[in-house]
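Asks:
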Amino acid sequence: MHNNCADGKAAQYLKQGLLSVRDSNKSRKANGPLPVIMAKLQWREVLSCYFLVYSIFCYTSTSDWNAARDRLEELERAINGLDHGSKGLLTHLHTYLSGVCFQGTGKLENALRMFRDPRLRLPEKPAPSMSQEEKLQGELALLALLNTMWIQQADSRHDAAQNTAMITKLEPLCANHANKNIETAFKLVKATVPTEPPTSGVKIKNYLGSALEAAKSTSNKQFLCITLGVMCNKFFVGVVGTQADKAGRAAVFQAKRTRNTLWMSITNGMLAENLELQGQHEEAEAAKEEARRLGVLAFPEPS
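In this note's numbering, the protein residues as written are -2 to 300.
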């Protein structure tokens, strides 16, 4: 998924898989006792739900919010049709993905409401005694908290001391997490969220360098894009020189690889600022116009 979301391959495979499962459910060639047939049908419906979940992750990674919302609505209907015992983790995934879609389209209050849903609370059990499903629920809860922290910084009243307390609480849960993507997300939070006392420039560089290495090791293009964008913003915006120019262009290049219109807009905007400072006005204006165009695409009107 990390490698193929951007080029559409993952979405196409998932679409074909979903069609295959749904076609098999329509088959009239069902033999055997009724309970066995019903169990098979339920199992296929659950499998269809997971195809939808993965599809939503694919579409959100490239900011295709209309497609993501369509699949999210399908997922809700499919979950409602399941037996209570089959819903399990799917309801947690639906809640989290609803928050992601709201966040991605700028509906931040709705996103916070989803991320604060009781389904996304941290489990009280110690990790060794958790079932696999409980561990996955715990990972979604951690992601919801990290998303929440980023969203809260958009409020001018954000509390740096509260941020510090939350980071301290999350440190033992996220640092050295078995899921390297959660560890990477936590490092990005530590590098970007204001704290009291403020995080030193040296620590920020270390967090970002570590996040960059982790993103490379997991081949996660999305994290590479975000990390390079943050590095450019922290250390090279407003700086004149070859290194700043290289950083800006590297951020734009990596954003293009993900096909994420939001980050493509952000990185082009930063590059435009640097080019303007260097007196490259024509190229700066082109980058600025591209940033505007992509910004509009990042927040489309609902279809």
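No residue lacks a Cβ here, since even glycine has one placed at the ideal position from N, Cα and C.
Can residue 213 and residue 205 be called in contact, C-beta distance under 8 Å?
Replies: No, the pair does not count as a contact, with Cβ atoms beyond the cut-off.
Asks: Going by alpha carbons, who is nearest to residue 114 out of 141, 14 and 157?
Replies: Among 141, 14 and 157, the Cα nearest to that of residue 114 is on 141.
Asks: Give every residue of the same chain whose Cβ lies closer than 7 Å to the Cβ of residue 247, excluding the five residues on either side of it in the sequence, and list them in chain order.
Replies: 225, listed in sequence order.
Asks: Alpha carbons only, please: which of 5, 189, 238 and 250 is nearest the one belonging to residue 227?
Replies: Comparing Cα positions, the closest option is 189.
Asks: Does the beta carbon of residue 218 come closer than 8 Å to any beta carbon on chain B?
Replies: Annotation note: the requested chain B is absent from the structure, which comprises a single protein chain.
Asks: So which of 58, 54 and 15 has the shortest CA-CA distance to residue 44?
Replies: Selected option, being the one with the closest Cα: 15.
Asks: Return helix, strand or coil for residue 239, following the three-state DSSP convention.
Replies: Here residue 239 sits in helix by DSSP.
Asks: Note down, in chain order, each residue of its chain lying with its Cβ closer than 7 Å to the Cβ of residue 60, except the 5 sequence neighbours on either side.
Replies: Taken in chain order, the residues that qualify are 101, 257, 258, 259 and 295.
Asks: Using the Cα positions of residue 13 and residue 39, report the straight-line distance between them to the nearest angstrom.
Replies: Rounded to the nearest angstrom, the two C-alpha atoms are 19 Å apart.
Asks: With distances taken from CA atoms, which of 87, 66, 68 and 67 is nearest residue 76?
Replies: The residue with the shortest Cα to Cα distance from residue 76 is 87.
Asks: Decide if residue 293 is buried, meaning its Cβ has at least 16 other Cβ atoms within 10 Å, or exposed.
Replies: Exposed.
Asks: Note the first and the last residue of the continuous alpha helix (DSSP H) segment covering residue 141.
Replies: Counting along the chain, the alpha helix (DSSP H) containing residue 141 begins and ends at 129 to 149.
Asks: Should residue 275 and residue 242 be called a contact, given that it needs their Cβ atoms to be closer than 8 Å?
Replies: Their beta carbons are under 8 Å apart, which means residue 275 touches residue 242 by this criterion.
Asks: Look at the Cβ atom of residue 301, then the Cβ atom of residue 203, and state whether they are nearer than 8 Å.
Replies: Look at the range of the chain in this structure, -2 to 300, and you will see that residue 301 is not part of it.
Asks: Contact defined as beta carbons within less than 8 Å: I believe residue 98 pairs with residue 69. What is the distance between those atoms, to the nearest angstrom?
Replies: Going by Cβ atoms, the distance from residue 98 to residue 69 rounds to 6 Å, so yes, they are a contact pair.
Asks: Assuming the contact rule is C-beta atoms closer than 8 Å, residue 229 and residue 181 should be a hit. Round their C-beta distance to whole Å, please.
Replies: Not confirmed; about 18 Å, so no contact.
Asks: Could you say which of 149, 133, 196 and 58 lies nearest to residue 110 if we only look at CA atoms?
Replies: Among 149, 133, 196 and 58, the Cα nearest to that of residue 110 is on 149.
Asks: Closest by CA to residue 234, which one among 197, 128, 261 and 273?
Replies: With distances taken between Cα atoms, residue 234 lies closest to 273.
Asks: Taking the CB atoms as reference points, tell me whether residue 192 and residue 160 lie closer together than 8 Å.
Replies: Yes; because the gap between Cβ atoms is below 8 Å, this pair is in contact.
Asks: Please state whether DSSP places residue 197 in a helix, a strand or coil.
Replies: It is coil, neither helix nor strand.
Asks: Just confirm the distance between the C-beta atoms of residue 186 and residue 146, as a whole number of angstroms; I'd bet it's less than 8 Å.
Replies: Between residue 146 and residue 186 the Cβ distance is about 6 Å, and since that is below 8 Å, they are a contact.
Asks: Alpha carbon to alpha carbon, what distance is there between residue 91 and residue 85?
Replies: Looking at the two C-alpha atoms, the distance is approximately 11 Å.
Asks: Under 8 Å by Cβ, that's how I've got residue 167 and residue 183 pegged, so tell me the actual separation to the nearest angstrom.
Replies: Sure, about 6 Å apart at Cβ, within 8 Å.
Asks: Report, in whole angstroms, the separation of the C-beta atoms of residue 52 and residue 8, which I expect to be a contact under 8 Å.
Replies: About 6 Å separates the two Cβ atoms, so the contact holds.
Asks: Around the Cβ of residue 81, are there at least 16 other Cβ atoms within 10 angstroms (buried) or fewer (exposed)?
Replies: Exposed, because fewer than 16 other Cβ atoms sit within 10 Å of the Cβ of residue 81.
Asks: Rank 211, 201 and 156 by C-alpha distance to the C-alpha of residue 174 and give the top, closest one.
Replies: Of the candidates 211, 201 and 156, the one whose C-alpha sits nearest the C-alpha of residue 174 is 211.
Asks: Going by DSSP in three states, residue 246 sits in which element: helix, strand or coil?
Replies: Here residue 246 sits in helix by DSSP.
Asks: Do residue 79 and residue 50 have their beta-carbon atoms positioned less than 8 Å apart in this structure?
Replies: Not closer than 8 Å, so no.
Asks: Considering residue 77, what are the terminal residues of the alpha helix (DSSP H) in which it resides?
Replies: Where residue 77 is concerned, the enclosing alpha helix (DSSP H) stretches over 62 to 77.
Asks: Sorted by chain position, which residues of the same chain lie with C-beta nearer than 6 Å to residue 251's C-beta, five sequence neighbours on each side aside?
Replies: Cβ within range, chain order: 221, 222 and 225.
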